[in-house]
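There are 2 protein chains.
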Amino acid sequence: MTSAGLQLVRERLSGTDCVVTGGLGFIGSNLALTLADAGATVTVVDDLKAGHGGDRANVDDKQVAVIVADVGDPAHVAPAVAAADYVFDLAGQVSHVASISDPERDLALNTISRLRFLETLKRVGSRARVVYTSTRQVYGRSAPLPISERTVPHPSDVNGVAKLAAEHLHLLYARERTAILRLSNVYGPRQHLRNDELGVLPVFVRRALRGERLVVFGDGRDLRDPLHVDDVLDAIIRAALVPEAAGQVINVGHHEVLSIKQLAELTAAASSSSPTVVHDDWRSDYAQVAIGSAHLSSSLASTLLGWQPRIGFADGIDRTLAWFSQHPERFA
Amino acid sequence: MTSAGLQLVRERLSGTDCVVTGGLGFIGSNLALTLADAGATVTVVDDLKAGHGGDRANVDDKQVAVIVADVGDPAHVAPAVAAADYVFDLAGQVSHVASISDPERDLALNTISRLRFLETLKRVGSRARVVYTSTRQVYGRSAPLPISERTVPHPSDVNGVAKLAAEHLHLLYARERTAILRLSNVYGPRQHLRNDELGVLPVFVRRALRGERLVVFGDGRDLRDPLHVDDVLDAIIRAALVPEAAGQVINVGHHEVLSIKQLAELTAAASSSSPTVVHDDWRSDYAQVAIGSAHLSSSLASTLLGWQPRIGFADGIDRTLAWFSQHPERFA
Numbered sequence: 001m002t003s004a005g006l007q008l009v010r011e012r013l014s015g016t017d018c019v020v021t022g023g024l025g026f027i028g029s030n031l032a033l034t035l036a037d038a039g040a041t042v043t044v045v046d047d048l049k050a051g052h053g054g055d056r057a058n059v060d061d062k063q064v065a066v067i068v069a070d071v072g073d074p075a076h077v078a079p080a081v082a083a084a085d086y087v088f089d090l091a092g093q094v095s096h097v098a099s100i101s102d103p104e105r106d107l108a109l110n111t112i113s114r115l116r117f118l119e120t121l122k123r124v125g126s127r128a129r130v131v132y133t134s135t136r137q138v139y140g141r142s143a144p145l146p147i148s149e150r151t152v153p154h155p156s157d158v159n160g161v162a163k164l165a166a167e168h169l170h171l172l173y174a175r176e177r178t179a180i181l182r183l184s185n186v187y188g189p190r191q192h193l194r195n196d197e198l199g200v201l202p203v204f205v206r207r208a209l210r211g212e213r214l215v216v217f218g219d220g221r222d223l224r225d226p227l228h229v230d231d232v233l234d235a236i237i238r239a240a241l242v243p244e245a246a247g248q249v250i251n252v253g254h255h256e257v258l259s260i261k262q263l264a265e266l267t268a269a270a271s272s273s274s275p276t277v278v279h280d281d282w283r284s285d286y287a288q289v290a291i292g293s294a295h296l297s298s299s300l301a302s303t304l305l306g307w308q309p310r311i312g313f314a315d316g317i318d319r320t321l322a323w324f325s326q327h328p329e330r331f332a
Numbered sequence: 001m002t003s004a005g006l007q008l009v010r011e012r013l014s015g016t017d018c019v020v021t022g023g024l025g026f027i028g029s030n031l032a033l034t035l036a037d038a039g040a041t042v043t044v045v046d047d048l049k050a051g052h053g054g055d056r057a058n059v060d061d062k063q064v065a066v067i068v069a070d071v072g073d074p075a076h077v078a079p080a081v082a083a084a085d086y087v088f089d090l091a092g093q094v095s096h097v098a099s100i101s102d103p104e105r106d107l108a109l110n111t112i113s114r115l116r117f118l119e120t121l122k123r124v125g126s127r128a129r130v131v132y133t134s135t136r137q138v139y140g141r142s143a144p145l146p147i148s149e150r151t152v153p154h155p156s157d158v159n160g161v162a163k164l165a166a167e168h169l170h171l172l173y174a175r176e177r178t179a180i181l182r183l184s185n186v187y188g189p190r191q192h193l194r195n196d197e198l199g200v201l202p203v204f205v206r207r208a209l210r211g212e213r214l215v216v217f218g219d220g221r222d223l224r225d226p227l228h229v230d231d232v233l234d235a236i237i238r239a240a241l242v243p244e245a246a247g248q249v250i251n252v253g254h255h256e257v258l259s260i261k262q263l264a265e266l267t268a269a270a271s272s273s274s275p276t277v278v279h280d281d282w283r284s285d286y287a288q289v290a291i292g293s294a295h296l297s298s299s300l301a302s303t304l305l306g307w308q309p310r311i312g313f314a315d316g317i318d319r320t321l322a323w324f325s326q327h328p329e330r331f332a
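Each protein sequence line maps, in turn, to chains C and L.
Taking the numbering used here, I'd label the letters of the first sequence as residues 1 to 332.
Taking the numbering used here, I'd label the letters of the second sequence as residues 1 to 332.
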């Protein structure tokens with residue numbers, strides 16, 4: 001987060017009551033820590049489900065209260081959200097490949113649990129501003145690029161279907177105070193690296209840290225617009241603070257568009273272990289969820305939130321590798 | 001169905017194996033009987049859940065095999081679908097008001113049960129052509145009118161969210177042989193009349209048959225494009241038979257656009273009991289799901305399916321009242 005952005009956070013969020021669901025996960029924990037640093041009272045709700053990327057070690061219990069529960073569990077969630085000024089709803093199944101192996105679980109977690117969560121907010125009479133983080137995946141294979149919010153979504157996996165339904169549920173329950181962000185590929189500190197099913201970037205980062213070869217499937221020409229998590233936090237917090245964001249679905253991507261091959265090469269270049277980049281055939285389960293090139297137009301985010309990504313990939317991946325080098329237990 | 005349409009059905013569907021989910025309901029039973037009349041072997045899967053509009057009396061057991069089961073129940077569904085040439089997936093929670101009182105049930109039925117149904121089709125290696133009937137409700141409050149398929153959906157109730165997710169699931173599982181139809185307000189023989197929560201048209205029909213006053217909420221100026229069920233059957237069957245319909249989401253509405261007030265007046269005029277039309281304030285639970293004017297552009301259906309609605313409302317409502325007059329047990 002830029003110093004100007006952090007200043008905004010401190011001024012506006014200090015002393016407020018914030019809930020972060022999925023707050024032991026990658027983006028959630030970074031957000032929870034940023035909010036706590038800014039002087040907010042932060043409660044994290046996370047079910048720590050296996051394979052979802054949540055990790056107890058991601059937050060400092062001295063800074064953040066942690067409730068280990070599914071967001072759909074009203075007994076645990078109601079007390080946490082009753083007094084919240086801001087609810088950052090980041091919980092969710094995040095593995096597209098796991099979504100194929102157990103689609104029903106994905107659908108249930110992202111829709112039924114979310115509906116229960118929204119019913120809980122309604123029952124406690126919540127007036128909180130809400131930000132729900134969705135994903136570029138809701139668009140599926142889309143053209144033309146970059147993808148704008150005017151594009152009709154065609155999710156290409158059950159995860160995308162479920163996240164899109166969750167967006168709609170959010171807007172049904174509290175349109176007047178809820179903003180939806182559709183994020184492109186996010187990377188950075190605290191990302192879960194051990195699971196191959198959470199995306200290409202964490203796999204590259206882990207392999208670079210270990211000095212292993214970076215494997216690009218196919219020709220690696222598909223384009224992406226990766227976002228450093230600090231840029232994402234900036235967008236999430238602006239979406240909570242800017243009144244005009246309520247009721248809106250907003251793309252959050254990067255104007256720097258790179259091929260998967262370039263991502264591998266830049267990651268290798270930033271790594272002290274000098275890993276090689278090699279090509280291999282698609283694994284069939286990956287090929288099944290492959291969507292070709294996909295990147296987002298963030299012009300609405302720019303207009304509405306005054307948001308711009310500030311971290312280019314070469315810089316961002318450098319910072320990311322540096323952070324993990326200080327935390328070798330994360331990738332060993 | 002027109003005689004030309006029925007001829008098409010007979011030629012193409014005679015001797016085929018057809019499954020109709022929700023086949024004891026309003027549209028489903030009309031479809032099942034039409035298919036059986038055309039010489040198809042028809043199996044109906046219907047859970048007869050209370051409030052869903054299914055009625056054992058809707059089909060003749062001599063013509064149609066009936067399996068009483070949830071579509072998500074593989075033990076009952078797998079044998080039925082294994083040999084099917086055509087699957088008409090019409091099952092689903094249909095009450096928008098009930099969707100408010102028990103949204104989780106609606107979401108579970110329309111998404112989790114549907115996912116299990118699709119998994120069952122996949123497991124038995126089905127190659128059936130599939131038609132899924134969705135609803136105009138997925139668009140929510142939309143502009144401009146008439147609504148085209150290029151409009152980004154913004155469902156205005158949980159039922160719309162769930163039906164849209166079900167559309168996406170269908171296209172994920174078998175895009176190459178599945179067509180999605182989004183239907184406007186449908187009326188006609190076998191519609192469930194006893195439940196006030198299934199839409200304004202069945203309420204008008206029941207009250208007209210009973211000689212009761214027809215109550216229009218508010219000024220009644222909201223526009224609709226009602227469709228007689230025979231026109232819907234024509235669209236459903238064409239969607240199953242036309243190869244180019246696979247992978248498409250297709251609006252099915254009427255070029256005859258009428259206000260709710262006009263619908264009441266035309267229903268009253270067609271009724272032998274000469275009911276009066278009165279205005280009343282909105283009921284709060286109805287107001288909550290009100291979406292203003294909404295009608296569909298069916299130009300894609302015209303181009304792709306060669307389909308046009310053939311029954312105007314004055315004629316269609318006359319036929320509908322005549323049919324129910326022959327079946328007084330349906331509205332007594």
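C-beta: ideal position from N, C-alpha, C; glycine also.
Sequence-ordered contacts of the stretch 101-125 of chain L with chain C read P103, E104, L107, A108, T111, I112, L115, R116 and E119 [C-beta pairs closer than 8 Å]. By the CB criterion at 8 Å, A294/C and S142/C fall inside the cutoff. No Cβ-Cβ contact shorter than 8 Å links F204/C with D281/C. Fully contained in the stretch 210-269 of chain C are the following beta strand (DSSP E) runs of length 3 or more, in chain order: 214-217 and 249-252. DSSP places I112/L within a helical segment (H, G or I) once states are collapsed to three. For R150/L, the neighbours in chain C by C-beta distance under 7 Å run, in chain order, V152. One Cα belongs to T267/L, the other to E167/C, and the distance between them is close to 39 Å.
Y187/C sits away from T303/C, with the two beta carbons spaced by 8 Å or more. In the DSSP assignment, D281/L falls outside any beta strand (DSSP E) and carries neither an H nor an E. Secondary structure of I67/L (DSSP, three-state): strand.
No Cβ of chain C is located within less than 8 Å of the beta carbon of A84/L.
Note on A83/L: under 16 other CB atoms within 10 angstroms of its CB, so exposed under the neighbour-count rule. Nearest in C-alpha terms to D89/C, of all of R116/C, S101/C and R105/C, is R116/C. In the DSSP assignment, S134/C falls outside any alpha helix (DSSP H) and lies within the beta strand (DSSP E) extending over R129 to T135. Taking C-beta separations shorter than 7 Å and ignoring five residues to either side along the sequence, the partners of L181/L in its chain run V131, T133, S134, A235, I236, A239, I250 and V252, following chain order.
Boundaries of the alpha helix (DSSP H) harbouring Y173/C: V158 to A174, taken from the DSSP string. Close to P155/L, with beta-carbon spacing below 8 Å, are these residues of chain C in chain order: H168 and L172. Secondary structure of V200/L (DSSP, three-state): helix. When the five nearest sequence neighbours on each side are left out, the beta carbons in the same chain lying within less than 6 Å of the beta carbon of S184/L are those of R136, D225, L227, G253 and L296, in order along the chain. Taking each of L193/L, S274/L and A264/L in turn and checking the Cα distance to F331/L, the smallest one comes out for L193/L. The three-state secondary structure of F117/C, taken from DSSP, is helix.
Looking from the CA of R210/L, the closest CA among H327/L, R123/L and V68/L belongs to H327/L.
Residues T21, G22 and V71 of the same chain have their beta carbon placed closer than 6 Å to that of A91/L, with the five preceding and five following residues left out of the count.
A Cβ-Cβ separation of about 29 Å leaves A245/L out of contact with I317/L under the 8 Å criterion. Close partners of A78/L in chain C (Cβ separation under 9 Å) are lacking, with about 16 Å as the shortest Cβ gap.
Within the same chain, and ignoring the five residues on either side of L164/L in sequence, the residues whose Cβ sits closer than 8 Å to its Cβ are S134, V138, P153 and P155. Judged by DSSP in its simplified three-state form, D17/L adopts strand. The secondary-structure analysis by DSSP pairs F331/C with nothing; it has no beta-bridge partner.
DSSP places D46/C in the uninterrupted beta strand (DSSP E) bounded by T41 to D46. For A69/L against V77/L, the beta-carbon gap comes to about 6 Å, under 8 Å, which counts as contact.
Within the same chain, no Cβ atom closer than 7 Å to the Cβ of Q7/L is found once the five residues on either side in sequence are excluded.
Within chain L, the residues placing a beta-carbon under 7 Å from that of V161/C are A165, H168, L169 and L172, ordered along the chain.
The residue among W307/C, G247/C and P74/C with its C-alpha nearest the C-alpha of L171/C is G247/C. In the structure shown, L296/C adopts extended strand secondary structure according to DSSP, grouped into three states. DSSP places V152/C outside any alpha helix (DSSP H), giving it a letter other than H or E. Here V44/C really is in contact with V66/C; their C-beta atoms are around 5 Å apart, less than 8 Å.
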